[in-house]
Structure formats: C-alpha cells, structure tokens
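Reading through the structure tokens given below for one structure.
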C-alpha cells in the first residue's frame, strides 16, 4: 500500500509541475486581449515604439533569454515588415517559412525565420548589428476584427524560441494545425 501511495504522489507532483509550467495570465495591450504564460516576464517597453515587451527564460542549453516585442499598427504594410524581418537574418543559411490563419478575434500571418540573426547593437539610428548564429524569430502580423495590423516579434536562441511555439500562437488564440501556407507576392 505505501508503494502505491508513493506512485500516486509522484503522478500528482508531475501533474502539478506541468500545470505550473502551462499557467497563463490575461494581458491587455491596447485593444488586444492576450493570453501569456506566467513565465514570460513583462517589463516596461524600452522604446516609445513598443506597446509591450516580455522576456522569455532560456531553456536548458541556451545561454540567453528570448524577447517578445509587440508593436502598434504603424511602421508599414505586412509585406514591408516581412521583408524587413527576413533582412534581419544573414542570407547564407537562412530558412524562412510563412503561414497564415484565423482566430475567433482576427487573422494573422506568421513568419518563421532561422539562421544567423543580425542582432541590433546600440540605438537603432546607428544601424549596428552583431551576428548571432543559431537564432530563430517568430514574426506575426495580427489583424484583429477591430482593425489595424499589430506586429509581434519573438526573437532569441533557436531552442528557446522553438519551445515557445504553442505559447506564441496561444497568445492571440491561434493553432498551428489550422494554418495554411502564406506566399509573399512581389
């Protein structure tokens, strides 16, 4: 009997740990109602161009955290932003996948980039970068039914960003299984 109790306790502890990892909270960003994991640390935006920013803890094997930034509906069209994001990765070895989907509250395009990220160094006006190999970015253009294109950009070491795939989509109610390929037209 004590052995069964021990086994049951282990299952309860494992389930509790899984639930703790999956715990979320509601976050309001302008008109958007988002669902973010508790582990994402929201901080004051470091620029007036940002609506919100979050630090995502590094997974085992990665040395630095990732960052999610949410930008307001300005700064160009979806096409212009996608081209800008692609240009933030070195051409050699760069991998790009694009999908699109809908949620109950709107529609979105997700750009998945992998490779050597040209990490900004210092003020944006200086346009200085440092190559960061092994990076990944999920860039999202989210258009809620209330209008406007919001831009979400999750960037960081590939393993950490990959581990946040479902959480990134869950932020605005999306699911990878419901997505279709998106083709950027010239």
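In our numbering, the protein residues as written are 95 to 280. We put the beta carbon where it would ideally sit given N, CA and C, even for glycine. Small disclaimer: the values here were computed from a predicted structure and weren't measured.
Excluding its 5 nearest sequence neighbours in each direction, residue 145 has C-beta neighbours in its own chain below 8 Å: 123, 124, 139, 164, 165, 166 and 244, listed in chain order. Residue pairing by DSSP places residue 161 opposite 149 and 249 in a beta bridge. Contact check between the region 142–161 and the region 252–261: three or more CB pairs, one atom from each, fall below 8 Å, which counts as touching. The Cβ atoms of residue 198 and residue 267 lie closer than 8 Å to each other. Between the alpha carbons of residue 200 and residue 128 lies a gap of roughly 12 Å. Judged by DSSP in its simplified three-state form, residue 226 adopts strand. Take residue 210, set aside five residues on each side of it, and the residues of its chain with a beta-carbon closer than 6 Å to its own are 184, 225 and 227, in chain order. Secondary structure of residue 173 (DSSP, three-state): helix. Taking C-beta atoms under 8 Å as the contact rule, residue 231 and residue 247 qualify, at a distance of about 7 Å. Annotation: residue 279 to residue 238 spans about 22 Å, alpha carbon to alpha carbon. Residue 264: member of the alpha helix (DSSP H) spanning 259–264, first to last residue. If you ignore the 5 residues before and after residue 119, its C-beta comes within less than 7 Å of the C-beta of 130 and 132, all in its own chain and listed in chain order. Non-local beta-carbon contacts of residue 187 in its own chain, meaning distances under 6 Å to residues more than five positions away in sequence, involve 209 in chain order.
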